[in-house]
Structure formats: structure tokens, C-alpha cells
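Colleague: Protein chains in written order, with the working numbering: chain V, -5 to 288; chain F, 7 to 384.
Sharing a structure, written as C-alpha cells. Questions coming.
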């Protein structure tokens, strides 16, 4: 036994350690995803018999105006979320000054990270309230009437994204602050000796050192935009008239409220493909420098 | 012409006084090496000249121009860092041309400057590589090349060879000296390695606790240290120091007694000392002679340990009641350096001898009070 253990522990021990995680991941993620894709080929109300319909759910999706709205909204989320990394970086550069009391200011910027996103949603719903919200107070100060953002089908998605951007910017801020802490002082010194300052210093010396952090911030932001769900659920429930739904919310709505599990699964599968494409690109870019040995 | 002039430079870090009234004038084309123990302020002084650190008080002139408040990029300096500090995302050529690019020089000029630096440093084959693909020595050359392309008035080196292995260090030392001869530029070089200081410098600046202890040519400093600190800092193995007390003084001559009853008479001191004053006697390991009956002062002792270094031998001699202070070995034995290889048995009795003319005497405040000794002509 002891000889067997000594000869084989180099693979037995790691396998044992990985097993629980792998099992959980296999059941909860892999198996569930596979079943979702499988279900998307059926017409199913969640309790009764499944009926094979082939690609009918996907064909229906193509002509579903609600699906187009969701897809478009997801793109709006994605585009507006792209503001989070640069905003986070700008704030991080601003907050990364050796000024007395800056720690307190920094911790104030971390507040949205501490709040549950549901809380953020509720707070912003109040801010946007056209009668007693902060926004109406501000508009009232200038003698104007605040628009009812959450009941305007053209503005609602933008309003929700702005609310969601708050914690997202704070998250990027934390990442970049950590990155700025690890800057090489010598490299900055070399840049200063070479006459770089301001913009050129940021572009040529600082940002290249933040490359990895930026990459993580970008990835987290893209995934955050694509899986957006909770803010929509809390602030608008997809309304008015389904104008603020996103793919994740529509899937939830179709499956849970309309008992169309097959159709919901088809939406989930589309979202999965979009995510998978992005993750494939991400991993490729991430692994490339490693392979080149840089 | 004066290249760099430091006038009453002061530097405070909060409550810490890092540089104390530093005054130094460096002539055009000099190779000045600043040495000192860690924390002595040598790197701070270099960064102050570079402009990476601000001064608390004082004036800094480069080629007569007051640069005290100027940004590093506007001072006409270039710096080589211990960590090389190459831009990791740029190729060797881009690294070397970056300074000129920031100065908005035309591309043709940048290319020419990079090509010239690459030729001098034998980097022509590496221009398209990234720093990560280079060896330590090559990276250091790129860092030097980056300095050369900017054709600065002054080159600053911050312990540039510390990260290299011994063989490469010797090679780069020779290359840097050659480069200095070739370019003829003013160079200021910081190191904690006294071999680098002795071999490369036209002048050495010894720093201690933020103060300049002494400035001078390497052999001048070695032969005629101004004080106890410089005497102890330059020279490996270190000078032997023995604490003593003045027992008789007559004009410029004085007789001292050391622990163990050893008495030595100095005839021509530069400063008068009083009876009862504590002094320190210093004698370099190579000035101690083993078994020489002609030596004026003789000490009996036993061999403790012998180190055979091939072309020389270091013998540690325990002289019983006569003890040395502050030696390298952390013991109170004498260090003797012999220029050839001779076998010694541990524990064997030997006689140490020296002439008072070869010894140094330091007053209680550390100043050297023996007259200057002739410096070997080179």
C-alpha cells in the first residue's frame, strides 16, 4: 500500500482534490448546459410530455419581435458597459494621488460594490421617480420637469444601464487601483528621463503595464453586460411593453411565467453561443503571449 | 568646463535627513563614482541629479544651467537603472529611440541614433527583439543604448551591474570604461562595489549618512583617507584598527599605547593631540609583515585561519591581548595580506611587524592626523 501510494500519489492526490469541484462543475454547469441545449429542440411546458420540434423554436425566434428587442438591448448594454473600464481607469488615476484623506474618498467609491445589485436597482428606481426622486429634484431646481425615465420605452434601457454602470465602474476602479499599486517605479522614472509626461506617459509607459488588469476589466465587463438580468428584473420587469428586456430576462420570463421551457432554452442557447464566442476570443488572446513566451 | 555642480543640496524625507549640505563640482568628461554603505544617500543623490527626486534646498547646475526645478526630461541627462527599466512592450529599437521620439525628432534622425548606439553596443542583431528575449547583459546594453541615443550632457548610472553575474560584471565594467573613453561624456556612477569604484572612477565620492566624507582619485583616497570612515570603507580586506590612548605628547609627536601594552610613536602628526586622548591606530593588511625582524613594531600572535586565494594569501592572526575593532570578519584578530602563497599551520606562532610610517592615526573625532603618504604613480 505504502509503495503504491508513494509511486502514484503525484497524480492521485491532485485528482482527489480536483474531484469535488469537477463533479460540481460537471453537474451544475456542463450537464445543465447540455440539457438546456437538448430542451431547446422540444416544445415543453415544464411538467407534461416533451414534444420534439427540431429547430422550430429557433425559427420562431428569428421572427419574434421581442427577441429582436432583447438582442438590441443586450447590444446597448454591451456598448454602454464599455464605458466602465475607461471610467474606472480615469477615477483610479484621479484617486491614486498621495493626498491626505484619500483613503476615505477611495472607500466611498467602493460603496456600490458592497451593495447587492438588487439594492442598487431599488435605489436608482427611487432616484428616477418622476415625482419625488432625486432626478426630479434636480430638474425642479432648474424649473424643468423630470422625464419619467423608467416608463419611457425609448429611454428605459439607457436608464437601467446607467444604474448598472455604477457598481461596474467601481469594480473596474478597484482593479485599476490594484494595478496602479504594482507599477514599476523605475519604469516611470525611465519614462520621465526620456521626457514622457502627461498623455504620452500614460499611453506609452503606464497603460502597457496595466495591460493584464485592463484585459480582466474588459472581460468582466463584457460578461456583466451579456448576463444582465437582476437590474432589469428589479427596476422594470422588462417593461414598459417589454421594451427593456434583455436575453437573460426574456429567457426567464418565457420559461417561468409563460411555461415555454423549450423556447426559453432556445434563447439561453443563443446567449450561450454569444458568450462562448467571446470567451474563445478571450482565451485565445490570453494564451497567445504565454505561448510566445513573452 | 564644469559639467555638474551641486550647491548646498539638502533632502528631507519627513523626519529623515537623507542628504546633508552636499557640495560637489564635476568637470566635463569626468567619470565620478559615488560609493557608500547602503542607506548612505548615494542613490538618492543620483536621483536628485536626475530630477526623479526633488531637493529640499540647494541648487543644481548642469553645464551652468540651473536645473533644480526642471523635469528629468529637460535636464540633458540620461539614466541607466539597476533593474534596466526597459519598456517591456517595445522592441530594442523602440526602447532606444523612445527618448528622441518623445522629443519629437524626425524618424530618420531617430533611426540613425539607434543604429549608431546599436553598433557601439553590438546590438545590431537584437534590434527587433523584445527585452524578455534578451540575456541580462544584453538588456543592460539596451539600457545603456537608450541613454546613448539621447546624446545627454551627463550619463547617470544607478548600480547598473548589480544584477549581473560576476563574469559578466567584469566584462561590462571594461565595456563601460571603454565607452567612457570613446564618448568622452560626463558620467556619474553609483555603486556599493568598491572594485567598480576603484577601477572605473576618475574620482570617487565617498558618502556616509547623507554627507560627503571625501572626494578624490581612487589611489589618493586609498592611500590618504581623510578619516576613519573612508579608511575603513575602501580596501578589501579592510584596514586593521586598534583602539589606543595618548600617553605622551610633545609638539607634533605623540606616543600611544594600545590594548595589550603595545606602544607606538608617531613623529609628525598634522594636529596636536593631548595626553589621555583616545585615538585609533590603522594599518592596512598588506602593510603588515609576517616574521620580519627589521620591522620597527613587532607583535607576537598565533595563526587563527588562512585563506589561500591563489595569487595572494590572507592570514588571520590572533595577537592575544592586542585586539582590533570593527574588522570584516567580526572577530578581533588582525588581517594580514601576503602577495604570494605561503603555507601556515593553524595555531602556529608568528610575529607581525610594521613601520609607524605605514600606519595611520585617527583622532577621537575620526580625522586622520598622520601626514599624507606618497601615492603610487600610475
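Note that CB positions come from ideal geometry on N, CA and C, so glycine has one too.
#1: Under 8 Å between C-beta atoms, does residue 18 of chain F make it to chain V?
#2: When the Cα atoms are used, what is the spatial distance from residue 152 of chain V to residue 70 of chain V?
#3: Between residue 357 of chain V and residue 228 of chain V, which are expected to be in contact by the criterion C-beta below 8 Å, what is the C-beta distance as a whole number of angstroms?
#4: Using the beta-carbon count (16 or more within 10 Å), is residue -1 of chain V buried or exposed?
#5: What first and last residue would you give for the alpha helix (DSSP H) that runs through residue 57 of chain V?
#6: Is the beta carbon of residue 324 of chain F closer than 8 Å to that of residue 310 of chain F?
#7: Is residue 77 of chain F close to chain V, meaning its C-beta is less than 8 Å from at least one C-beta of that chain?
#8: For the stretch 209 to 233 of chain V, enumerate the residues whose C-beta is nearer than 9 Å to any C-beta of chain F, in chain order.
#9: Which runs of the beta strand (DSSP E) at least 3 residues long sit entirely within the stretch 78 to 131 of chain F? Give them in chain order.
#10: Residues in its own chain within less than 8 Å of residue 31 of chain F by CB, not counting five upstream and five downstream?
#11: For the stretch 285 to 305 of chain F and the stretch 235 to 252 of chain F, state whether three or more C-beta atom pairs, one from each stretch, are separated by less than 8 Å.
#12: Any residues in the stretch 188 to 206 of chain F with a beta carbon nearer than 7 Å to a beta carbon of chain V? Which ones, in chain order?
#13: Based on the DSSP output, what are the partners of residue 341 of chain F in its beta bridges?
#14: Just checking: is the beta-carbon of residue 178 of chain F within a distance shorter than 8 Å of some beta-carbon in chain V?
#15: Assuming residue 230 of chain V contacts residue 154 of chain V (C-beta within less than 8 Å), just tell me the rounded distance between them.
#16: For residue 55 of chain F, would you say it is in contact with chain V, using Cβ-to-Cβ distances shorter than 8 Å as the test?
#17: Quick check on the burial criterion: 16 or more other C-beta atoms within 10 angstroms. Buried or exposed for residue 291 of chain F?
#18: Could you work out which residues of chain V lie near residue 82 of chain F, taking near to mean beta carbons separated by less than 8 Å?
#19: As a quick exercise: from V:219, V:191, V:175, V:169, pick the residue whose alpha carbon is nearest that of residue 209 of chain V.
#20: At the level of alpha carbons, what is the spacing between residue 12 of chain V and residue 185 of chain F?
#21: Assign residue 293 of chain F to one of three DSSP states: helix, strand, or coil.
#22: For chain V, find out if any of its Cβ atoms is closer than 8 Å to the Cβ of residue 87 of chain F; answer yes or no.
#23: If you measure from the beta carbon of residue 93 of chain F to each beta carbon in chain V, is any gap under 8 Å?
#24: Could you tell me the distance, in whole angstroms, from the CA atom of residue 190 of chain V to the CA atom of residue 155 of chain F?
#25: Per DSSP, residue 18 of chain F is paired with what?
#26: Look at the alpha carbon of residue 206 of chain V and the alpha carbon of residue 234 of chain V, and state the distance between them as a whole number of angstroms.
#27: Mapping DSSP to helix, strand and coil, what is residue 385 of chain F?
#28: Within 10 Å of its beta-carbon, does residue 218 of chain V have 16 or more other beta-carbons around it, so buried, or fewer, so exposed?
#29: Any C-beta of chain F sitting closer than 8 Å to the C-beta of residue 178 of chain V?
#30: I need the straight-line Cα distance from residue 131 of chain V to residue 120 of chain V, nearest angstrom please.
#31: Tell me which same chain residues have a C-beta within less than 7 Å of the C-beta of residue 33 of chain V, skipping the five on either side of it?
#32: Determine, for residue 58 of chain F, whether the minimum Cβ-Cβ distance to residues of chain V falls below 8 Å.
#33: Between residue 320 of chain F and residue 342 of chain F, what straight-line distance do the alpha-carbon atoms span, to the nearest angstrom?
#34: Would you list, in chain order, the members of the stretch 104 to 135 of chain F that have their beta-carbon closer than 7 Å to a beta-carbon of chain V?
#35: If the cut is a Cβ gap below 8 Å, which residues of chain A does residue 186 of chain V touch?
#36: Quick one: Cα of residue 100 of chain F to Cα of residue 203 of chain V, how far?
Modeller: So, to answer that:
#1: Counting from one through the second chain, the residue named residue 18 of chain F turns up at place 12. Taking CB atoms only, residue 18 of chain F has no neighbour in chain V less than 8 Å away.
#2: Translated into positions along the first chain, residue 152 of chain V becomes position 158. Translated into positions along the first chain, residue 70 of chain V becomes position 76. In this model, residue 152 of chain V and residue 70 of chain V are separated by some 8 Å (Cα to Cα).
#3: Nothing can be reported for residue 357 of chain V: it is not among the residues displayed for chain V, which extend from -5 to 288.
#4: Working through the first chain from its first residue, we reach residue -1 of chain V at position 5. It is exposed - the Cβ of residue -1 of chain V has fewer than 16 other Cβ atoms within 10 Å.
#5: To locate residue 57 of chain V, count along the first chain from 1; it is residue 63. Where residue 57 of chain V is concerned, the enclosing alpha helix (DSSP H) stretches over 50 to 57.
#6: In the second chain, residue 310 of chain F corresponds to position 304, counting from 1. In the second chain, residue 324 of chain F corresponds to position 318, counting from 1. Against a cut-off of 8 Å, the Cβ pair of residue 324 of chain F and residue 310 of chain F comes out as a contact.
#7: Working through the second chain from its first residue, we reach residue 77 of chain F at position 71. Output row for residue 77 of chain F: interface = yes.
#8: Listed in sequence order: no entries.
#9: As far as the stretch 78 to 131 of chain F is concerned, its whole beta strand (DSSP E) runs of at least 3 residues are 83 to 86.
#10: Residue 31 of chain F sits at position 25 when you count from the first residue of the second chain. Cβ within range, chain order: 8, 10, 11, 12.
#11: Judged by Cβ distances under 8 Å, the stretch 285 to 305 of chain F makes contact with the stretch 235 to 252 of chain F, as three or more pairs qualify.
#12: Residues passing the 7 Å Cβ filter: none.
#13: Mapped onto the second chain, residue 341 of chain F falls at position 335. Looking at the DSSP assignment, residue 341 of chain F forms a beta bridge with F:322.
#14: Position 172 of the second chain holds residue 178 of chain F. No, no contact with chain V.
#15: Here residue 230 of chain V refers to the residue found at position 236 when the first chain is read from its first residue. Here residue 154 of chain V refers to the residue found at position 160 when the first chain is read from its first residue. That belief holds up - the Cβ atoms of residue 230 of chain V and residue 154 of chain V are roughly 6 Å apart, short of 8 Å.
#16: Here the question's residue 55 of chain F lines up with position 49 in the second chain. Not an interface residue.
#17: As a working mapping, residue 291 of chain F is identified with position 285 in the second chain. Residue 291 of chain F is buried by the Cβ-count criterion.
#18: Taking the first residue of the second chain as 1, we reach residue 82 of chain F at position 76. Taking a Cβ-Cβ threshold of 8 Å, none of the residues of chain V is close to residue 82 of chain F; the smallest such distance is about 11 Å.
#19: Within the first chain, numbered from 1, the residue matching residue 209 of chain V stands at position 215. It is V:169 whose Cα lies nearest to the Cα of residue 209 of chain V.
#20: The count along the first chain starts at 1 and reaches residue 12 of chain V at position 18. The count along the second chain starts at 1 and reaches residue 185 of chain F at position 179. Going by the C-alpha atoms only, they are around 57 Å apart.
#21: As a first step, residue 293 of chain F must be located in the second chain, where it is residue number 287. Residue 293 of chain F: helix per DSSP, three-state reduction.
#22: Residue 87 of chain F sits at position 81 when you count from the first residue of the second chain. Yes - at least one Cβ of chain V is within 8 Å of the one on residue 87 of chain F.
#23: The sequence position of residue 93 of chain F within the second chain is 87, counting from 1. It does; some Cβ of chain V falls within 8 Å.
#24: Position 196 of the first chain, counting from 1, holds the residue named residue 190 of chain V. Position 149 of the second chain, counting from 1, holds the residue named residue 155 of chain F. The straight-line gap from Cα to Cα measures roughly 15 Å.
#25: Walking along the second chain from the start, residue 18 of chain F turns up at place 12. Residue 18 of chain F is bridged to F:23.
#26: Within the first chain, residue 206 of chain V is the residue found at index 212, counting from 1. Within the first chain, residue 234 of chain V is the residue found at index 240, counting from 1. Looking at the two C-alpha atoms, the distance is approximately 40 Å.
#27: With chain F running from 7 to 384 in the structure shown, residue 385 of chain F is simply not present.
#28: By one-based count along the first chain, residue 218 of chain V stands at place 224. It counts as buried.
#29: Sequence index remark: in the first chain, residue 178 of chain V carries index 184 (1-based). It does; some Cβ of chain F falls within 8 Å.
#30: Counted from its first residue, the first chain places residue 131 of chain V at position 137. Counted from its first residue, the first chain places residue 120 of chain V at position 126. Spanning the two alpha carbons is a distance of roughly 12 Å.
#31: Here the question's residue 33 of chain V lines up with position 39 in the first chain. Listed in chain order, the non-local C-beta contacts of residue 33 of chain V below 7 Å within the same chain comprise 255, 256, 259, local neighbours out to five positions each way being set aside.
#32: The residue given as residue 58 of chain F occupies position 52 in the second chain. It does: the Cβ of residue 58 of chain F has a partner Cβ on chain V nearer than 8 Å.
#33: Looking up residue 320 of chain F in the second chain gives position 314. Looking up residue 342 of chain F in the second chain gives position 336. Note on geometry: alpha-carbon atoms of residue 320 of chain F and residue 342 of chain F lie some 6 Å from one another.
#34: Those would be 104, 105, 108, 109, in chain order.
#35: In the structure shown, chain A cannot be found, because the protein chains are V and F.
#36: In the second chain, the residue the question calls residue 100 of chain F occupies position 94. In the first chain, the residue the question calls residue 203 of chain V occupies position 209. Using only the alpha carbons, I get a separation of about 16 Å.
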